[in-house]
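> Structure incoming, see below.
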Amino acid sequence: MYHDPANEQAPLRFAPDSPALRVLQQIRDEAHRFALTYHRKLRAQRIRESVLDDIEGVGEKRKEQLLAYFGSVDRLRRATEAELAAAPNIGPKFAALIYSVLHPNGN
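The following block contains the structure:
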C-alpha cells in the first residue's frame, strides 16, 4: 500500500505481482538492511571501546571475557571486587585494579 500525498484519504494499492510494488519492497528492504548494518557497526564499536581499554594488563581477550561474563559494562561497573575476582582469568590482583579504575572515588 502506498499513500498518495495529493489524496491522503485513499491509499494506492498495487497488485501483488506489480513491478512497482516489487521496487518499493526492494527499496524498503535495502533501507532496513542499511540501518541494521550501521546499528551493528556502532554496537560493535561501543563494545570494543570501553573503560577497560585504560587498564594496563586488560587486553582485548580479557575485556571480551569480562563483558561476556557480566553481560554489559553497566553490570561490570556494579560488580564488587569479589565478583570481579570470580570472573575467568581475573583473580584478586586484576580485580582490585579494575575496581579502582571503575570506582576512582572508592564508591
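Offset between the sequence shown (1-based) and the numbering used here: plus 543. C-beta: ideal position from N, C-alpha, C; glycine also.
#1: To the nearest whole angstrom, what separates the beta carbons of L609 and L595, a pair I think is in contact under 8 Å?
#2: Assuming L595 is part of the alpha helix (DSSP H), what are its boundary residues?
#3: If we count Cβ pairs, one from each stretch, closer than 8 Å, do we get three or more for the stretch 626-641 versus the stretch 601-618?
#4: Considering only residues of the stretch 610-639, which uninterrupted alpha helix (DSSP H) runs meet the minimum length of 4 residues and lie entirely inside it, listed in chain order?
#5: To the nearest angstrom, report how far apart G600 and H582 are at their CA atoms.
#6: For L619 and L627, I'd like the C-alpha separation in whole angstroms.
#7: Compute the distance between the beta-carbons of V644 and D597, then report whether it is under 8 Å.
#8: So F613 and A625 are supposed to be a Cβ contact under 8 Å. How far apart are they, rounded?
#9: Is A638 buried or exposed, if buried means 16 or more other CB atoms sit within 10 Å of its CB?
#10: In this structure, how does DSSP classify H575 when only helix, strand and coil are distinguished?
The short version:
#1: 7 Å
#2: Unbroken run through L595: none, as it is neither H nor E.
#3: yes
#4: Within the stretch 610-639, the complete alpha helix (DSSP H) runs of at least 4 residues are 616-621, 624-629.
#5: 30 Å
#6: 8 Å
#7: Yes, they are a contact pair.
#8: Rounded, the Cβ-Cβ distance is 13 Å, inconsistent with contact.
#9: buried
#10: helix
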